[in-house]
Amino acid sequence: MSTGPNLDQFEDDFQHAPAQREKQSDGEYPTVPDGKYNVRVKRVEVKQTSTGKWYLSMGLKITSGEYADLWLWRKNFLSTAQNIAFLKQDLFLCGLDLHTLSEVKDPLVIQALVGVNLEVTKKTKGEFENVYLNRRLDDSEEALVSAPRTAAGRV
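In the numbering used here, the protein residues as written are 10 to 164.
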């Protein structure tokens, strides 16, 4: 019977690692500027706002570049026909083809999205930040995009 991985070799690293990401000089955590990012879906759940609106929340962790390991959030509200159309398009882009809308409430179904690699665009308009799913990246493409580049632009 396995007792899990042997982590003894990392104990010293763990003890000296910061528990929180360092804040900037202004006391704020780093923000992600508008632009395109490669992300991996890390969390998916159906949530409700304080005003009672339901939405699908996708936690997206940036996988490469200057902002690697920071998070973006995609919210698909479930309140209008247009919202539902955007949700269906996003789910299909991620490789999840639901037969009925009610399947989105099943945590086992939507957890299939975890681990999907995507290219997204973050746009800010006034005080609102939006994240748009551009396309799905396959595993080999993700590795190429994340690889370090030389001055000539080649790996």
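Just so it is clear, CB atoms sit at the ideal spot from N, CA and C, and this is done for glycine as well.
Asked: Could you say which of 56, 92 and 95 lies nearest to residue 114 if we only look at CA atoms?; Found: 56
Asked: Determine the direct distance from the alpha carbon of residue 65 to that of residue 52, and round the result to whole angstroms.; Found: 10 Å
Asked: Using DSSP's beta-bridge definition, name the partner residues of residue 64.; Found: 56 and 86
Asked: Which residue from 85, 74, 61 and 146 puts its Cα closest to that of residue 44?; Found: 74
Asked: How should residue 46 be labelled, buried or exposed, when 16 other C-beta atoms within 10 angstroms of its C-beta is the threshold for buried?; Found: buried
Asked: Could you tell me the distance, in whole angstroms, from the CA atom of residue 91 to the CA atom of residue 24?; Found: 49 Å
Asked: Return the CA-CA distance between residue 88 and residue 137, expressed in angstroms with no decimal places.; Found: 18 Å
Asked: In whole angstroms, what separates the C-alpha of residue 142 from that of residue 122?; Found: 13 Å
Asked: Evaluate residue 132 with the Cβ neighbour count: other Cβ atoms within 10 Å of its Cβ, from every protein chain shown; 16 or more gives buried, anything less gives exposed.; Found: exposed
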